[in-house]
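Counting from 1, one number per residue, gives the positions in the sequence shown under full-length UniProt numbering. No residue lacks a Cβ here, since even glycine has one placed at the ideal position from N, Cα and C. Since the structure is predicted, the reported quantities are computational estimates derived from the model, not experimental observations.
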Amino acid sequence: MNARQLQIIQLVNERGSISVSELSRLTHVSEVTVRQDLTTLEKGSYLKRVHGSAISLEGDDVAARMQARFPLKQGLADYAASLVKPGESVFIEGGSTNALLARCLADNDSITIVTVSHYIAGLLKASRCEVIVLGGLYQKSSESVVGPLTRSCIQQVHFQKAFIGIDGWHPDTGFTGRNMLRSDIVNAVMAKDIDTFALTDSSKFGQFHPYPIAVDRPFRHVITDSGLDDRYRQRLEQQGINVHQVSEKVPGVA
């Protein structure tokens, strides 16, 4: 991936949607070159092309993404929920699998859920658990809060476990995110001395994005599915990360 393509990813994620002509103007190359870059980036699952424009994958409806590979994501969420003990406070970041995790914990009145995601907070409005929604700048594309105020809130609120959705992991880069501000919030959570879990399906492994996460303090655990490449699992374990692999749920089978 070249510097121009990284710039395109950043522009698309910051704006949610941007035209080919605007990308051409901002990157100082022809529209033909921009379209070629967009084709490459779409194949790598960095963005989505629509007629004359590119849109951020982060802007997709979380509810819609929850339905993609739903049995697999539900299995991951169920397993993650089994690791939460009665009376604990847990931080749950945004994303479709984390939203399913929040649903799993919703009826446990001894648990407190801390989140930056307004989507997750909305799911929990009729729940029995306690919910703490952190403050900050509302990022419409992700339905989450970001920025210095959010970092300050994270420093002031205590929790025992954190479940983080990741955008990518690659042997050469480690864990990475698509969005600079969201990655900054993840790093603020990672700075706390707590159990941290990367909760994601195996399709994210082998991908990388512009913004590093979990560099100074790595994840303690990864929860993913059985499709994780053995080479990636071995590399993660060599780094001292506990890898939990969960089999996909088969509909109609207990």
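#### Entry: Span of the beta strand (DSSP E), counted from its first residue to its last, around L41
Where L41 is concerned, there is no enclosing beta strand (DSSP E), although the alpha helix (DSSP H) it sits in stretches over E31 to K43.
### Query
From S183 to T115, what distance separates their C-alpha atoms?
15 Å
### Task
Using a threshold of 8 Å, state whether the C-beta atoms of V146 and L134 are closer than that.
no
### Query
Using a Cβ-Cβ cut-off of 8 Å (strictly less than) and excluding sequence neighbours within five positions of A81, which residues of its own chain qualify?
L101, C104 and L105
### Residue from P218, I185 and Y232 with nearest C-alpha to H170
Of the listed residues, the one whose Cα sits closest to H170 is Y232.
### Task
Note down, in chain order, each residue of its chain lying with its Cβ closer than 6 Å to the Cβ of Q239, except the 5 sequence neighbours on either side.
Same-chain partners within the cutoff: there are none.
### Query
If you draw a straight line from the C-alpha of I8 to the C-alpha of F205, how long is it?
22 Å
### Message
Does the contact criterion of 3 or more C-beta pairs under 8 Å hold for the segment 193-210 versus the segment 119-127?
### Response
Touching, no.
### Message
Going by beta-carbon coordinates alone, are G165 and N242 separated by less than 8 Å?
### Response
no
### Task
Round the Cβ separation of S19 and S53 to the nearest angstrom and send it over; I've been treating them as touching at under 8 Å.
5 Å
### Task
Using beta-carbon positions only, say whether T176 and D201 come within less than 8 Å of one another.
no
### Query
With burial defined as no fewer than 16 other Cβ atoms inside 10 Å of the residue's Cβ, what is the status of S226: buried or exposed?
Counting C-beta atoms within 10 angstroms of its own C-beta, S226 has fewer than 16 neighbours from the protein chains shown and is therefore classed as exposed.
### Task
Going by CA-CA distance only, name the one from E143, E130, Q155 and V50 that's closest to S110.
E130
### Query
Between which two residues does the alpha helix (DSSP H) harbouring residue 268 extend?
The structure shown does not extend to residue 268, since the chain spans only 1 to 254, so no value can be given for it.
### Query
Opposite H51 in the DSSP bridges: which residues?
BP columns for H51 are empty, so no partner.
### Task
In angstroms with no decimal places, state the Cα-to-Cα distance between Q245 and S24.
43 Å
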